[in-house]
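What follows is a short report on a single structure.
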Amino acid sequence: MGKDSPPLPVEDLTPLQAAAELEYLALEIAAHDTAYHQQDAPVISDADYDALRQRNDAIEAHFPDLIRSDSPSKRLGAAPAEGFTKITHTRPMLSLDNAFDAEDVSEFVARVRRFLKLDPEEIVELVCEPKIDGLSIALRFEQGKFIQGATRGDGTTGENVTANLRTISDIPDTLPPGAPDMVEIRGEVYMGRDDFLSLNKRQVEAGDKPFANPRNAAAGSLRQLDQTITAKRPLHFFAYAWGEISHEPEGTHWDMLEKFKGWGFSVNPLARLCTDIAGLIKLYDEIAEKRATLPYDIDGMVYKINRLDWQDRLGMVSRAPRWAIAHKFPAEQAQTVIEKIDIQVGRTGVLTPVARLKPVTVGGVVVSNATLHNEDMITKLDVRQGDTVMIQRAGDVIPQVVKVIMENRPAESKPYLFLETCPVCGSHVHREEGEVAKRCTGGLVCPAQAVERLKHFVSRNAFDIEGLGAKNIEAFWKDGLIKNPADIFTLKDDHEREIRNREGWGDQSATKLFRAIDERRSISLERFIFALGIRQIGQATARLLAKQYLTLTNWRAAMVAAIDPEDEAYRDLIDIDGIGPSMAEDLIAFFDEPHNIDVLERLEKSLNVADFVPPETGGSPLAGKTVVFTGTLEKMSRGEAKARAESLGAKVAGSVSKKTDFVVAGADSGSKAKKAAALGVTILSEADWLAMIEG
Ligand code: IVH
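Printed below as a string of structure tokens:
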């Protein structure tokens, strides 16, 4: 089944169709698990994810013979990410089955009653508490000391995040006397909404990507390899369950929550005991109502059988206990009208369509914008300006448009045509093969990208202009003194008086700045190319280009000629080792934009871009030779060795062949040294090599 075709009722599936769909679901769910648990970057909403799992469960229930060994129903989350040591949970960390309506809830209670063969008069008490949208954690205490904490991972093995957990103030370091000798407290680490919003603000200010929702922010913060970063993130913890314990508790779950409080843990203050379905539903409705005003995100309620002896008897099925269920809240949805579709241009030139909505309240938050992601999404939903749409906030801060209410579509409505030019600067927009995003090509002139590009232009590895850092660039840009890189070099001619009279500036600092700018009127070709900030053209590629074309005039002419894919210049470009078609496309797009050419021409007038000078290698014994490094070098890193060899005119290769001139063999060199010996290639020890390069 493809994601977009409506699913057949499970009863109508042939075994062949069922098997195919189970295979699809196993792969699909595994991919979403990885995105969610390891990359903290979900691609679908929780509701869509639940729907996939439900479909998988329904097919498996109907075709038990077809249950796969890699079935998602046998697995929880994703295996731990690289970077942390692994911890095997002594008792698996379980997940919960979901209930979506009152009927599912009463079926859960009925199942429990049937399983335990309870008399109809017997009261079933349930602990009810909000389902916190965070990440579950196990905390091990021995002799009253917190000794180890782990994420859930795949339920069996998680990541050792002890050091990071120690930075959370809700997690006690020691338990009071009377606590069990050994206990594993389980619960949820989460980030409050306000803290999440301020963290995102800081992320954006620092030029980092904001998190999609508080859950991702909490997970991303807890899984920092550097615990000092975690310490700066305001994380909290609610305790709600336990794993291994030295004395199995008796009595009730509720008693345990009380004990947790006595041991210094936070237990959710909204937890209640209920004795019938009506009570559960009443509490569910009350908390659903409060949901938007709570300081943290919740996505449902959890109901747990209170009596521990019953929990014991009920046990678990595959990945979830029979004694608990999660009653999910529906995604918060609302209907409104799209007044306008705007295109926003991000700092890297990506064009993002945004629906400007008639303000509407969704789950307590007034929403007036929704993202439409990209051109494909607009086409898929056939969203148009003036449409009435259903929007939803599914854990995420930025709501999405779910569907168009076609009955309300105005008669004069026309399909939305995506822009062919940038709404900010008028440059062409370009969509690369295999990419969903369209980008503005006006890199040097587009105001939406300008400031960031300017900062790059003056940065350390580019023009490196003293006294013209990010802060001044921003201020000058805001006041219209520098709008594109060429303006930097005409700043004195155009705005000298203004700068000398600027607040916080004086004659002295202005003179210093003009001098610093003058000092950079001569620049190497490779730095110049890098400074332009063309997409994908980093320092290494800039150097490759400089080495190939030698002069700015040559390079520019070749890039302009390469716009025609039939031209020899295009072949020459993609033949450069290290430059592929996708980089070539970005280079061409840059030169195909007249605004960029204007700036380049102005820059050429102000600057002296020095021709590329091949490194002086004449007398070097390595000039023109091919060198392979193998084994561990003691005196320098591989990276440094490679750079040194290249600076002396050698080519560094990764494998030994007949063309290899020298193999430098460090400690523990293996097959490469053997192959070199077999081919009769000269093998140098590290000492020989050092003598050669230093001599
Ligand atoms: S009880 C064996 N209680 O929801 C029962 N889980 O979808 C263990 N969760 O893995 C879970 N709030 O990460 C429980 N009050 C709560 C919860 C809660 C959030 C999470 C937990 C669990 C997931 C299942």
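Numbering follows the numbering used here, in which position 560 of the sequence shown is assigned residue number 546; successive positions increment by one, without gaps.
Glycine included, each C-beta is placed from N, C-alpha and C at the ideal position.
Keep in mind it's a predicted model, so treat the numbers as computed, not measured.
Q: Could you tell me which of D194, K117, G193, D181 sits nearest to A204, measuring between CA atoms?
A: To locate residue 204, count along the sequence shown from 1; it is residue 218. For the residues D194, K117, G193, D181, the minimum Cα distance to A204 belongs to D181.
(Q) Considering only DSSP beta bridges, list what V113 is partnered with. (A) Against the sequence shown, residue 113 aligns to sequence position 127. Answer is L259, K290, bridged to V113.
Q. CA-CA distance, K661 and D647?
A. Against the sequence shown, residue 661 aligns to sequence position 675. Against the sequence shown, residue 647 aligns to sequence position 661. So the two alpha carbons sit approximately 13 Å from each other.
**Q.** Which listed residue (R293, D285, G301) has its alpha carbon closest to that of P316
**A.** Position 330 of the sequence shown, counted from the first residue, corresponds to residue 316. Ranking R293, D285, G301 by Cα distance to P316 puts D285 first.
Q. Fully enclosed by the region 579 to 608, which beta strand (DSSP E) runs are 3 residues long or longer?
A. 594 to 596
Q) Is Y226 near the ligand IVH, in the sense that its beta carbon is under 7 Å from a heavy atom of that ligand? A) The count along the sequence shown starts at 1 and reaches residue 226 at position 240. Under cutoff, so the answer is yes.
(Q) For I45, tell me which candidate among D19, K314, E(-3) has the shortest Cα-Cα distance. (A) Start at 1 with the first residue of the sequence shown, and residue 45 comes out as number 59. Of the listed residues, the one whose Cα sits closest to I45 is E(-3).
Q.
Among H442, V431, P281, whose alpha-carbon lies nearest the alpha-carbon of G466?
A. Counted from its first residue, the sequence shown places residue 466 at position 480. Answer by Cα proximity: V431.
Q) Starting from V705 and walking both ways along the beta strand (DSSP E), at which residues does that stretch end? A) This structure leaves residue 705 out entirely; the chain is present only between -13 and 681.
Q. So is the beta-carbon of S623 under 7 Å away from any non-hydrogen atom of the ligand IVH?
A. Here residue 623 refers to the residue found at position 637 when the sequence shown is read from its first residue. No, Cβ of S623 sits at least 7 Å from all heavy atoms of the ligand IVH.
Q. So what does DSSP say about S92, is it helix, strand or coil?
A. Position 106 of the sequence shown, counted from the start, is the residue given in the question as residue 92. The answer is helix: DSSP assigns S92 an H, G or I state.
Q | Status (buried if at least 16 other CB within 10 Å, exposed otherwise) for M177 | A | For the purposes of this step, residue 177 is taken as residue 191 along the sequence shown, with counting starting at 1. M177 is buried by the Cβ-count criterion.
Q) Between the beta-carbon of E145 and the beta-carbon of K72, is there less than 8 Å? A) The residue labelled residue 145 in the question sits at position 159 within the sequence shown. The residue labelled residue 72 in the question sits at position 86 within the sequence shown. Closer than 8 Å, so yes.
Q) Whole-angstrom Cβ separation of I329 and P339, contact assumed at under 8 Å? A) Position 343 of the sequence shown, counting from 1, holds the residue named residue 329. Position 353 of the sequence shown, counting from 1, holds the residue named residue 339. Right, their Cβ atoms sit about 6 Å apart.
Q | Any non-hydrogen atom of the ligand IVH within 7 Å of A312 CB | A | On the sequence shown, residue 312 is found 326 positions in, with the first residue counted as 1. Result yes, Cβ under 7 Å from the ligand IVH.
Q.
Between A448 and F516, how many whole angstroms is the CB-CB distance? I'm expecting something under 8 Å.
A. Taking the first residue of the sequence shown as 1, we reach residue 448 at position 462. Taking the first residue of the sequence shown as 1, we reach residue 516 at position 530. Correct: roughly 6 Å between the Cβ atoms.
Q: On a CA-only basis, which of E632, G566, R483, A677 is nearest K621? Give me that one, please.
A: In the sequence shown, the residue the question calls residue 621 occupies position 635. Residue A677 is the option with its Cα nearest to K621.
Q) Quick one, which of A575, A636, L403, P116 has its alpha-carbon nearest L269's? A) As a working note, residue 269 is residue 283 in the sequence shown. If we check each option's Cα against that of L269, P116 comes out closest.
Q | Inter-residue Cα distance where the pair is V190 and G301 | A | For the purposes of this step, residue 190 is identified with residue 204 of the sequence shown, where counting begins at 1. For the purposes of this step, residue 301 is identified with residue 315 of the sequence shown, where counting begins at 1. Going from the Cα of V190 to the Cα of G301 covers about 46 Å.
(Q) Using a Cβ-based criterion (distance less than 7 Å to any ligand heavy atom), does L82 qualify as near the ligand IVH? (A) Position 96 of the sequence shown, counted from the start, is the residue given in the question as residue 82. Checking the Cβ of L82 against the ligand IVH gives yes.
Q: Please confirm whether any heavy atom of the ligand IVH lies closer than 7 Å to the CB of I377.
A: Taking the first residue of the sequence shown as 1, we reach residue 377 at position 391. No.
Q | Start-end ranges of the beta strand (DSSP E) lying completely within the region 345 to 417, minimum 3 residues | A | 351 to 357, 374 to 379, 386 to 390, 415 to 417
Q) With DSSP run on the structure shown, which of helix, strand or coil describes S510? A) Within the sequence shown, numbered from 1, the residue matching residue 510 stands at position 524. It is a strand residue.
Q) Fully enclosed by the region -4 to 70, which alpha helix (DSSP H) runs are 4 residues long or longer? A) 1 to 19, 32 to 48
Q.
Using a Cβ-Cβ cutoff of less than 7 Å, which residues in the same chain neighbour L619 once the five nearest sequence positions on both sides are dropped?
A. If you number the sequence shown from 1, residue 619 lands on position 633. The residues are A627, G652, E672.
(Q) Please return the same chain residues whose Cβ sits closer than 8 Å to the Cβ of R54, not counting the five positions on each side in sequence. (A) For the purposes of this step, residue 54 is taken as the residue at position 68 of the sequence shown. Closer than 8 Å at the Cβ level, and outside the excluded window around R54, lie L8, E9, A12.
Q) Thinking C-alpha only, which one of G524, G617, A631 is nearest S655? A) Position 669 of the sequence shown holds residue 655. For the residues G524, G617, A631, the minimum Cα distance to S655 belongs to G617.
Q) From Y402, T74, H581, R379, pick the residue whose C-alpha is nearest to that of D32; which is it? A) Here residue 32 refers to the residue found at position 46 when the sequence shown is read from its first residue. The residue with the shortest Cα to Cα distance from D32 is R379.
(Q) On the CB-based measure, 16 or more other CB atoms within 10 Å of its CB, does V422 come out buried or exposed? (A) For this step, residue 422 is matched to residue 436 along the sequence shown. It counts as exposed.
Q. Identify the residues that DSSP records as bridge partners of D328: which are they?
A. Looking up residue 328 in the sequence shown gives position 342. According to DSSP, which records beta bridges pairwise, D328 is partnered with V340.
Q | Where I73 sits in the DSSP three-state scheme | A | Numbered from its first residue, the sequence shown carries residue 73 at position 87. In this structure, I73 counts as strand in the three-state DSSP scheme.
Q. Does the pairing of the region 119 to 130 with the region 287 to 302 give three or more beta-carbon distances under 8 Å?
A. no
Q.
Classify H239: buried if its beta carbon has 16 or more other beta carbons within 10 angstroms, exposed otherwise.
A. Along the sequence shown, read from residue 1 onward, the residue named residue 239 stands at position 253. It counts as buried.
Q: Would you mind stating whether L161 and G135 have Cβ atoms separated by less than 8 Å?
A: Here the question's residue 161 lines up with position 175 in the sequence shown. Here the question's residue 135 lines up with position 149 in the sequence shown. No, these two residues do not count as a Cβ contact at 8 Å.
Q: Indicate, with yes or no, if the ligand IVH has a heavy atom lying under 7 Å from the CB of R138.
A: Locating residue 138 in the sequence shown gives position 152, counting from the first residue. Yes; taking the cut-off as 7 Å, the Cβ of R138 has a heavy atom of the ligand IVH nearer than that.
**Q.** Spatial neighbours of T407 in its chain, beta-carbon cut-off 7 Å, leaving aside the 5 residues before and after
**A.** Position 421 of the sequence shown, counted from the start, is the residue given in the question as residue 407. Excluding residues within five positions, the ones whose Cβ falls inside 7 Å are S413, H414, V415.
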